[in-house]
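Novice:
Below, the structure written as structure tokens:
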């Protein structure tokens, strides 16, 4: 998997962030945003009775954000990368450090409050590995202890929720479960298509899907569909078994970064 510079370079060239050069933007922050949005969207689809009505936008659901931390740990992206691979754990921490400290007036797809929820879960899972993140966002000893308690509670809930679908020796997921596929749809808007082309080229979401599929089957095979929506949204369509992540949502993160 190549680094996410392609997303920045192509998107900037197509006018998503016309006032900022791609070289002015922190690659790790964009890469971390893509990683976070992937896991939040998948977690939203795994909530009980998840529908477009109950979870119209994954980022507005604290439960989905808490679940995303569990999936992040399951896919092992915060482990040390192999030679030549992008450091997704480092990128995720860089993104959260940025997102948590954004001014409330900045129009980001994920609020600083929800970004802090995800950061707290990761710090609670491993305070040492995420010590730099904790220092950046001001999570001190007492707060870190609270994060550990919150993470332990979430882990118990999600372990029970995911247990029937885990893969491994002696484990057999239900017959109606299956893998998660990725579809990067062609779109009309040139800026959105630039983002889609970059995602096809860098293979990030295919790589994350492979990681997840190795550890977990999903209730019914379902697709992560990255497509044009008309707004910076992310939602689950149970009728079509689609986890939808909108190109405009990715473009919104690039735009926020481009505001300086």
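In our numbering, the protein residues as written are 4 to 263. Just so it is clear, CB atoms sit at the ideal spot from N, CA and C, and this is done for glycine as well. Being a predicted model, the structure only gives us computed values, none of them experimental.
Considering only residues of the same chain and omitting the five flanking positions on each side of residue 116, which have a CB-CB separation below 7 Å?
Specialist: The answer is none, since no qualifying residue turns up.
Novice: Note down, in chain order, each residue of its chain lying with its Cβ closer than 8 Å to the Cβ of residue 190, except the 5 sequence neighbours on either side.
Specialist: For residue 190, where only same-chain residues beyond five positions count, the Cβ hits under 8 Å are 196, 199, 230, 231 and 250.
Novice: Candidates 49, 77 and 111: which alpha carbon is nearest residue 66's?
Specialist: Nearest of 49, 77 and 111 to residue 66, Cα basis: 49.
Novice: Across which residues does DSSP place residue 230 in a beta bridge pair?
Specialist: Note: residue 230 sits in a beta bridge opposite 249.
Novice: Using the Cα positions of residue 185 and residue 212, report the straight-line distance between them to the nearest angstrom.
Specialist: C-alpha separation (whole angstroms): 7 Å.
Novice: Round the Cβ separation of residue 214 and residue 79 to the nearest angstrom and send it over; I've been treating them as touching at under 8 Å.
Specialist: 7 Å between Cβ atoms; contact.
Novice: What residue from 244, 100, 171 and 129 has the CA that sits closest to residue 218's CA?
Specialist: Nearest C-alpha to residue 218: 171.
Novice: Curious, which full-length beta strand (DSSP E) runs of at least 3 residues does the stretch 150-216 contain?
Specialist: Here the runs fully enclosed are 183-187.
Novice: How many Å lie between residue 132 and residue 40 at the Cα?
Specialist: Their Cα atoms are separated by approximately 21 Å.
Novice: If you drop the 5 nearest sequence neighbours on each side, which residues of the same chain put their C-beta closer than 8 Å to that of residue 224?
Specialist: So the qualifying residues of the chain are 180, 181, 182, 183, 184 and 244.
Novice: Looking at C-alpha atoms only, which residue of 34, 207, 102 and 220 is the closest neighbour of residue 46?
Specialist: It is 220.
Novice: Could you tell me which whole alpha helix (DSSP H) segments of length 4 or greater appear in the stretch 84-149?
Specialist: Qualifying alpha helix (DSSP H) stretches, in chain order: 91-103, 115-128 and 134-140.
Novice: With a threshold of 16 other CB atoms inside 10 Å of the CB of residue 252, please say whether the residue is buried or exposed.
Specialist: Residue 252 should be labelled buried.
Novice: Cβ of residue 155 within 9 Å of Cβ of residue 137?
Specialist: Their beta carbons are not under 9 Å apart, which means residue 155 does not touch residue 137 by this criterion.
Novice: In terms of residues, what are the limits of the alpha helix (DSSP H) holding residue 41?
Specialist: Residues 30-48.
Novice: Residue 34 and residue 98: beta carbons closer than 9 Å?
Specialist: For residue 34 and residue 98, yes; Cβs fall inside 9 Å.
Novice: DSSP on residue 237, reduced to helix/strand/coil?
Specialist: Three-state DSSP puts residue 237 in a strand.
Novice: Starting from residue 76, trace the alpha helix (DSSP H) in both directions and tell me its first and last residue.
Specialist: Start and end: 65-78.
Novice: Just tell me which of 260, 258, 259 and 235 has its CA closest to the CA of residue 44.
Specialist: Selected option, being the one with the closest Cα: 235.
Novice: Please classify residue 205 as buried or exposed, where buried requires at least 16 neighbouring CB atoms within 10 angstroms.
Specialist: Flag for residue 205 reads buried.
Novice: How would you label residue 109, buried or exposed, when you count the other beta carbons within 10 angstroms and need 16 or more for buried?
Specialist: Exposed, because fewer than 16 other Cβ atoms sit within 10 Å of the Cβ of residue 109.
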